[in-house]
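Asks: In full-length UniProt numbering, the protein residues as written are 1 to 117.
Just so you know, even glycine gets a beta-carbon here, dropped at the ideal spot from N, CA and C.
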Amino acid sequence: MSSQVVPQDRESLLILIQKKDEQIDSLQKRVICPRKYQDNLQAKGKNHIGKWATLAGESGYTVNRRRAITRMWGDYKKHFGGLRSYRDTLEIHYEDALHWIDAWSMPSYLMDTPTLE
1 MSSQVVPQDR ESLLILIQKK DEQIDSLQKR VICPRKYQDN LQAKGKNHIG KWATLAGESG
61 YTVNRRRAIT RMWGDYKKHF GGLRSYRDTL EIHYEDALHW IDAWSMPSYL MDTPTLE
């Protein structure tokens, strides 16, 4: 265990606090969301695609949900710095991620008009 340094004056105490703050910031930039948050992101994404599919259906269109989900998560990963998966979302970005999902709009090419047979 490291030995504790007792600061002798105000300036050295401020320097010590600044170093600790930098260490905390560095750690926060590496901590991913807990599993509960990851599950919330997944559920919110599925729910959001479902809302788009419902709106498209009311307008006489169909939606390929699989393609829509793939596109949404692809856009999500690019937006948050090239993540491999939404499960790699940093904890400090969790709230932003929820807002991003709400704001995402489905491209029109994912909506098809139904064919009549």
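Am I right that tryptophan 104 and histidine 48 are in contact with their C-beta atoms under 8 Å? What's the rounded C-beta distance?
Replies: Rounded, the Cβ-Cβ distance is 7 Å, consistent with contact.
Asks: For the UniProt domain "ORF6C" (17-110), list the beta strand (DSSP E) runs that are entirely contained and at least 3 residues long, ordered along the chain.
Replies: none
Asks: From aspartate 25 to arginine 35, what distance separates their C-alpha atoms?
Replies: 22 Å
Asks: Would you check if the distance between the CB atom of glutamine 38 and the CB atom of tyrosine 86 is smaller than 8 Å?
Replies: yes
Asks: DSSP puts aspartate 112 in a beta bridge; with which residues?
Replies: Thr62
Asks: In its own chain, which residues sit with a C-beta less than 8 Å from the C-beta of methionine 1, not counting the 5 before and 5 after it?
Replies: Only weak support exists for where methionine 1 lies, its pLDDT of 48 falling under 50; the value from the coordinates is given anyway. Closer than 8 Å at Cβ, skipping near neighbours: no residue.
Asks: Please return the same chain residues whose Cβ sits closer than 7 Å to the Cβ of leucine 14, not counting the five positions on each side in sequence.
Replies: none
Asks: Alpha carbon to alpha carbon, how far is leucine 41 from threonine 89?
Replies: 9 Å
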